[in-house]
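Beneath this line is the structure, given in structure tokens, with notes to follow.
Protein chains in written order, with my numbering: chain A, 32 to 243; chain B, 4 to 257.
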């Protein structure tokens with residue numbers, strides 16, 4: 032079995048690679064490969080899409096690689112391959128990104144990505160650091176996680192889902208901030224599981240064993 | 004609720020951990036990766052490596068350190084010291100850093116912050132400000148390890164680099180660094196209240212009450228310390244318990 036981490040020149044994949052490799056080894060989940068090759072994505076058994084920086088830049092980074100977006104779409108929609116988006120990789124699951132300009136996402140989870148506006152003006156943006164999760168739904172990828180577990184966030188924009196059923200967990204930061212979303216064979220985390228120590232590694236292990 | 008971060012800082016020179024007292028009199032004390040693993044296990048919220056002798060020739064040492072740390076520690080890592088260009092940022096991010104900190108280079112050319120933030124996002128661009136009190140309520144930026152005055156007002160400079168895209172400010176009081184007298188609270192508060200992004204207070208921690216003051220009085224989002232943790236005066240757990248008892252939200256994992 033092969034898990035592909037998509038590398039499209041968006042920030043640091045090193046720690047994600049090491050975290051997935053470690054949990055794949057511990058759970059017997061096969062190989063973890065970092066690649067931008069659409070053929071490798073087309074053959075993947077699992078896909079992880081990281082993403083750091085701005086939504087438009089990440090979107091363009093994906094589109095700049097010939098055939099990559101088509102390979103991802105085909106794998107997720109036609110083959111129902113388990114897919115995990117992280118940070119901006121999660122944000123791109125939705126319909127619209129509204130960071131600097133309006134840019135379309137994959138549209139698998141209806142909603143939009145807008146700037147965080149905490150009700151308390153003393154709260155800083157970016158939302159940076161450890162926040163505790165509030166679990167909103169039962170999901171195999173959240174197995175063993177519970178409300179109060181900490182995850183590492185660093186973002187200024189957040190997803191608002193149109194359908195409440197797609198919200199699996201949130202955090203509180205002057206109002207609810209979407210933390211984990213999911214639908215069918217697709218899940219996404221706003222926080223960085225590869226930086227979130229125990230809870231993050233558990234979520235990665237769960238994803239590697241997930242059979243949607 | 005977002006937790007206040009406790010960040011141990013490792014000063015690194017030529018691949019080894021050292022800790023400066025007022026940025027001189029270095030004491031060699033260990034392997035950075037081993038230290039990082041120990042802090043990871045102890046519940047530190049992030050780690051910071053500062054390359055205090057950064058030169059073009061020894062850059063590779065820091066990349067290697069970032070890579071080896073990222074293989075072992077699944078927690079956020081900030082690297083600073085000698086970061087001058089957008090390419091330096093890229094190389095450190097690729098090596099395994101999560102955030103990269105500009106210092107003197109941002110003073111010489113604040114636009115480098117904008118170029119790096121545009122390319123990689125504000126979330127990974129930190130600007131380290133070293134400030135010294137020049138008169139009551141007035142602080143000036145010093146560069147080159149605190150040796151070189153610039154005439155630039157620290158509060159104004161913080162606003163400038165945040166407007167350019169810095170996602171976080173690492174604020175060190177050069178008056179207090181290494182003294183164990185506590186953070187420079189008026190400076191910390193002036194900058195934390197002036198910018199919309201998180202401020203990490205640094206320089207001068209000697210007791211656990213100092214950590215509390217940095218947050219409650221200095222309005223910092225995170226506190227950074229080196230000696231008190233490095234030499235085992237206090238553990239991360241003791242620091243967190245003390246802050247929690249003072250009513251500050253900290254991450255205490257089950």
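Positions of the beta carbon are idealized from the N, C-alpha and C atoms, including for glycine.
Of the choices the options, whose alpha-carbon is the least far from that of residue i?
i, options, result
"residue 222 of chain B", "A:117, A:174 and A:154", "A:154"
"residue 225 of chain B", "B:246, B:234, B:37 and B:237", "B:246"
"residue 105 of chain B", "B:134, B:212, B:164 and B:71", "B:164"
"residue 165 of chain A", "A:241, A:152 and A:179", "A:179"
"residue 119 of chain A", "A:167, A:109, A:50 and A:146", "A:146"
"residue 222 of chain A", "A:190, A:106 and A:214", "A:190"
"residue 230 of chain A", "A:159, A:125 and A:211", "A:211"
"residue 203 of chain A", "A:50, A:148, A:196 and A:169", "A:148"
"residue 243 of chain B", "B:255, B:96, B:199 and B:21", "B:255"
"residue 105 of chain A", "A:220, A:129, A:82 and A:216", "A:216"
"residue 74 of chain A", "A:198, A:227, A:33 and A:195", "A:33"
"residue 109 of chain B", "B:96, B:166 and B:135", "B:166"
"residue 85 of chain A", "A:186, A:234 and A:219", "A:186"
"residue 53 of chain B", "B:158, B:213 and B:102", "B:102"
"residue 172 of chain B", "B:198, B:147 and B:149", "B:198"
"residue 128 of chain A", "A:172, A:79, A:192 and A:214", "A:192"
"residue 226 of chain A", "A:46, A:35 and A:41", "A:46"
"residue 40 of chain B", "B:73, B:185 and B:161", "B:73"
"residue 111 of chain B", "B:235, B:144 and B:33", "B:144"
"residue 9 of chain B", "B:187, B:227, B:212 and B:162", "B:227"
Cutting at 6 Å between CB atoms, please list the residues of its own chain near residue i, excluding the five before and the five after it.
i, result
"residue 11 of chain B", "42, 47 and 232"
"residue 183 of chain B", "209"
"residue 100 of chain B", "69, 80 and 82"
"residue 181 of chain A", "161 and 163"
Could you name the residues of the same chain whose beta carbon sits closer than 8 Å to that of residue i, not counting the 5 residues immediately before and after it, in chain order?
i, result
"residue 62 of chain B", "85, 91 and 94"
"residue 168 of chain B", "116, 117, 119, 120, 121, 125 and 128"
"residue 141 of chain B", "156"
"residue 97 of chain A", "69"
"residue 100 of chain A", "93 and 94"
"residue 215 of chain B", "245, 246, 249 and 251"
"residue 107 of chain A", "78, 114, 137, 139, 216 and 217"
Whose C-beta lies closer than 7 Å to the C-beta of residue i among residues of the same chain, with five residues either side of it excluded?
i, result
"residue 151 of chain A", "205"
"residue 98 of chain B", "66, 69 and 70"
"residue 197 of chain A", "140, 212, 213 and 214"
"residue 48 of chain A", "36, 63 and 65"
"residue 142 of chain A", "125, 126, 190, 191, 192 and 193"
"residue 25 of chain B", "Only weak support is given to the placement of residue 25 of chain B: the predicted model assigns it a pLDDT of 35, under 50, and the value that follows is read from those uncertain coordinates. So the qualifying residues of the chain are 180 and 181."
Assign residue i to one of three DSSP states: helix, strand, or coil.
i, result
"residue 77 of chain B", "coil"
"residue 46 of chain B", "coil"
"residue 25 of chain B", "Because residue 25 of chain B sits at a pLDDT of 35, beneath the cut-off of 50, its placement in the model cannot be relied upon, and the point is left open."
"residue 243 of chain B", "helix"
"residue 10 of chain B", "strand"
"residue 115 of chain A", "strand"
"residue 272 of chain B", "A question about residue 272 of chain B goes unanswered here, because the residues of chain B that appear run from 4 up to 257."
"residue 238 of chain B", "coil"
"residue 240 of chain A", "helix"
"residue 137 of chain A", "coil"
"residue 58 of chain A", "helix"
"residue 48 of chain A", "helix"
"residue 231 of chain B", "helix"
"residue 181 of chain A", "strand"
"residue 19 of chain B", "strand"
"residue 129 of chain A", "strand"
"residue 39 of chain A", "coil"
"residue 124 of chain A", "coil"
"residue 233 of chain A", "helix"
"residue 103 of chain B", "strand"
"residue 194 of chain A", "coil"
"residue 82 of chain B", "strand"
"residue 57 of chain B", "coil"
"residue 133 of chain B", "strand"
"residue 213 of chain A", "strand"
"residue 109 of chain A", "helix"
"residue 204 of chain A", "coil"
"residue 88 of chain B", "coil"
"residue 33 of chain B", "coil"
For the segment 141 to 228 of chain B, which segments carrying the alpha helix (DSSP H) assignment without a break, of at least 4 residues, lie completely within its bounds, in sequence order?
157 to 167, 188 to 197 and 211 to 219
Counting Cβ pairs closer than 8 Å, one from the segment 63 to 79 of chain B and one from the segment 114 to 133 of chain B, do we hit at least three?
no
Counting pairs of Cβ atoms below 8 Å between the segment 196 to 209 of chain B and the segment 176 to 183 of chain B, do you hit three or more?
yes
Pair every Cβ in the segment 230 to 242 of chain A with every Cβ in the segment 46 to 57 of chain A, then say whether three or more of these pairs are closer than 8 Å.
yes
Using 8 Å as the threshold, is the segment 78 to 89 of chain A in touch with the segment 103 to 122 of chain A, meaning 3 or more CB pairs across them?
yes
Every unbroken alpha helix (DSSP H) inside the segment 142 to 176 of chain A [4 residues or more]:
none
List, from N- to C-terminal side, the alpha helix (DSSP H) runs of 4 residues or more that fit wholly inside the segment 68 to 96 of chain A.
69 to 74 and 86 to 94
Within the segment 105 to 131 of chain B, ranges of the beta strand (DSSP E) (whole runs, at least 3 residues):
Within the segment 105 to 131 of chain B, not a single complete beta strand (DSSP E) segment reaches 3 residues in length.
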